[in-house]
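*Asks:*
Number of protein chains: 2
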Amino acid sequence: MEQKLFKNYLGEKRLKLTKERLAVLQEVFAFHGHFAPEQLYFRMRDSGSKASRASVYRTLTLLVECGLVQRIARSDRGNVYEHIYGHGHHDHLICSLCGEIIEFYSENLEKIQEEVCRRNKFRGVSHILEIRGICGRCKG
Amino acid sequence: MEQKLFKNYLGEKRLKLTKERLAVLQEVFAFHGHFAPEQLYFRMRDSGSKASRASVYRTLTLLVECGLVQRIARSDRGNVYEHIYGHGHHDHLICSLCGEIIEFYSENLEKIQEEVCRRNKFRGVSHILEIRGICGRCKG
DNA sequence: GGTTAATTGATATTTAATCTCAATTTCATT
DNA sequence: AATGAAATTGAGATTAAATATCAATTAACC
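So the protein lines, in turn, are chains A and B. One point on numbering: in our numbering, the residue at position 33 of the first sequence is 33, and numbering is uninterrupted. One point on numbering: in our numbering, the residue at position 73 of the second sequence is 1073, and numbering is uninterrupted.
(1) Pick out whichever of B:1029, B:1131 and B:1122 has its Cα sitting closest to the Cα of residue 1093 of chain B.
(2) Taking Cβ to Cβ, would you say residue 1062 of chain B is nearer than 7 Å to residue 1002 of chain B?
(3) Count the other CB atoms within 10 Å of the CB of residue 76 of chain A; is the residue buried (16 or more) or exposed (fewer)?
(4) Can you say whether residue 59 of chain A is buried or exposed, counting buried as having 16 or more other CB atoms within 10 angstroms of its CB?
(5) Have a look at residue 95 of chain A and residue 42 of chain A and give me their C-alpha separation to the nearest angstrom.
(6) When you compare the CB of residue 1077 of chain B with every CB in chain A, is at least one pair closer than 7 Å?
(7) So which residues on chain B does residue 146 of chain A lean against when the C-beta distance must stay under 8 Å?
(8) Quick one: grab the DSSP three-state call for residue 1105 of chain B.
(9) Would you say residue 1028 of chain B and residue 1089 of chain B are within 7 Å of each other, going by their C-beta atoms?
(10) Would you say residue 1135 of chain B lies against chain A (beta-carbon separation less than 7 Å)?
(11) Could you tell me which residues DSSP pairs with residue 76 of chain A in its beta bridges?
(12) At least one CB of chain A closer than 7 Å to the CB of residue 985 of chain B: is that the case?
(13) List the residues of chain B whose Cβ lies closer than 9 Å to the Cβ of residue 13 of chain A, in chain order.
(14) Among B:1056, B:1128 and B:1091, which residue has its Cα nearest to the Cα of residue 91 of chain A?
(15) With a Cβ-Cβ cutoff of 7 Å, do residue 1125 of chain B and residue 133 of chain A count as a contact?
(16) In the structure shown, what three-state DSSP assignment does residue 131 of chain A receive?
(17) Identify the continuous alpha helix (DSSP H) that holds residue 144 of chain A and give its terminal residues.
(18) Out of B:1097, B:1073, B:1053 and B:1118, which one is the CA nearest neighbour of residue 1136 of chain B?
(19) To the nearest angstrom, how far is the alpha carbon of residue 86 of chain A from that of residue 70 of chain A?
(20) Please look up how many angstroms separate the CB atoms of residue 12 of chain A and residue 51 of chain A, rounded, as I've assumed it's under 8 Å.
(21) Tell me the DSSP bridge mates of residue 70 of chain A?
(22) What did DSSP end up calling residue 1015 of chain B once you bin it into helix, strand or coil?
(23) Does the distance from the CB of residue 148 of chain A to the CB of residue 1120 of chain B come in under 7 Å?
(24) Looking at C-alpha atoms only, which residue of B:1025, B:1073 and B:1017 is the closest neighbour of residue 1044 of chain B?
(25) Rounded to the nearest angstrom, what separates residue 123 of chain A and residue 138 of chain A at their Cα positions?
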């Protein structure tokens, strides 16, 4: 299903569905969780599917463009992504102590953002909301 | 006033108020707007005050820790900061086409975030909300 | 003023991400 | 199935932000 969407997107843009792009897509959707591009690259090497580092980065950009993948944060150690398709949109609480990432979704939050955009004559496309603080476990 | 706060913070942590730290602080508050660490470094060189690149970065970290400065985004070209003291908290709309950054503040948004934290037994400390899209001017 | 621990700065290093370009592959068209 | 144009790949070079190193310096406390 993701493949179909990806293929459509590539078709519209007259881009090609290569083995490498397919391999990246599959690995991205085989794994459920947050990941960095480098992690993805090494996981692919381990699992035998082949795509160069350059292709991994390039394909990730495409997957974000077509809405299958989301960049959810920029940590000190690079970008963090997650796949979207099949999961609802959500935002993140990030614990500054243990690094845990908690997902949440708030309809109200989304509505207010739309309102903000409207007031500023802005066409919102995507957003990143990360709330940093201390998680319940670390608070003790 | 910022100086007083900064001095207090350093005192508490048994850190020293050096010429360099002071110079960074002053430059940060002399300029109203968003800036990258590199910009700050070069602006300081131009204006004659001296601090090494390393000190600029190190001092920025301190200023964020003590709440005088906020990291508001991580662009592809590095982090973006702004000073806080004297300005209310706010979030940002970022135009993907021209790069313009529009500030906004929504009380409701803040309240909902508090609610989200409460529900997740999370103690929120700070947050970054950047809404990306197309600004009114670029929409045409 | 002396002592101690923190700080500085020039430079090297790290690391993510992008760029280069010849060789290869896809895909629409025969 | 063969062809050809245009897109894509990949190994390695490159870029750029940010951090680490460490001897020399400096602030803060007595």
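Each residue gets a CB set at the ideal place from its N, CA and C atoms; glycine is no exception.
*Replies:* Judging by the given coordinates:
(1) With distances taken between Cα atoms, residue 1093 of chain B lies closest to B:1131.
(2) Contact flag unset, no.
(3) Label assigned to residue 76 of chain A: exposed.
(4) It is buried - the Cβ of residue 59 of chain A has at least 16 other Cβ atoms within 10 Å.
(5) Cα to Cα, the separation comes out at about 26 Å.
(6) With 7 Å as the cut-off, residue 1077 of chain B does not count as an interface residue toward chain A.
(7) Here chain A comprises residues numbered 1 to 140, so residue 146 of chain A is not present and cannot be evaluated.
(8) Looking at residue 1105 of chain B - three-state DSSP - the assignment turns out to be coil, as it is neither helix nor strand.
(9) The beta carbons of residue 1028 of chain B and residue 1089 of chain B sit no closer together than 7 Å.
(10) With 7 Å as the cut-off, residue 1135 of chain B counts as an interface residue toward chain A.
(11) None, per the DSSP bridge assignment.
(12) Residue coverage of chain B in this structure runs from 1001 to 1140, which leaves residue 985 of chain B outside it and unanswerable.
(13) What residue 13 of chain A touches in chain B: nothing, since even the nearest Cβ is about 17 Å away.
(14) Of B:1056, B:1128 and B:1091, the residue nearest in Cα terms is B:1128.
(15) The answer is yes: Cβ separation under 7 Å.
(16) Secondary structure at residue 131 of chain A: strand, using DSSP grouped into helix, strand and coil.
(17) The displayed coordinates of chain A run from 1 to 140. Any statement about residue 144 of chain A would go beyond what the structure contains.
(18) Taking only the C-alpha atoms, the option nearest residue 1136 of chain B is B:1097.
(19) Near 13 Å, if we compare the C-alpha coordinates of residue 70 of chain A and residue 86 of chain A.
(20) Actually they do not touch by this definition, with Cβ atoms about 22 Å apart.
(21) A:82, per the DSSP bridge assignment.
(22) Coil, per DSSP.
(23) It is not possible to answer for residue 148 of chain A, since the shown part of chain A is limited to 1 through 140.
(24) Nearest C-alpha to residue 1044 of chain B among B:1025, B:1073 and B:1017: B:1025.
(25) Straight-line Cα distance between these residues: approximately 38 Å.
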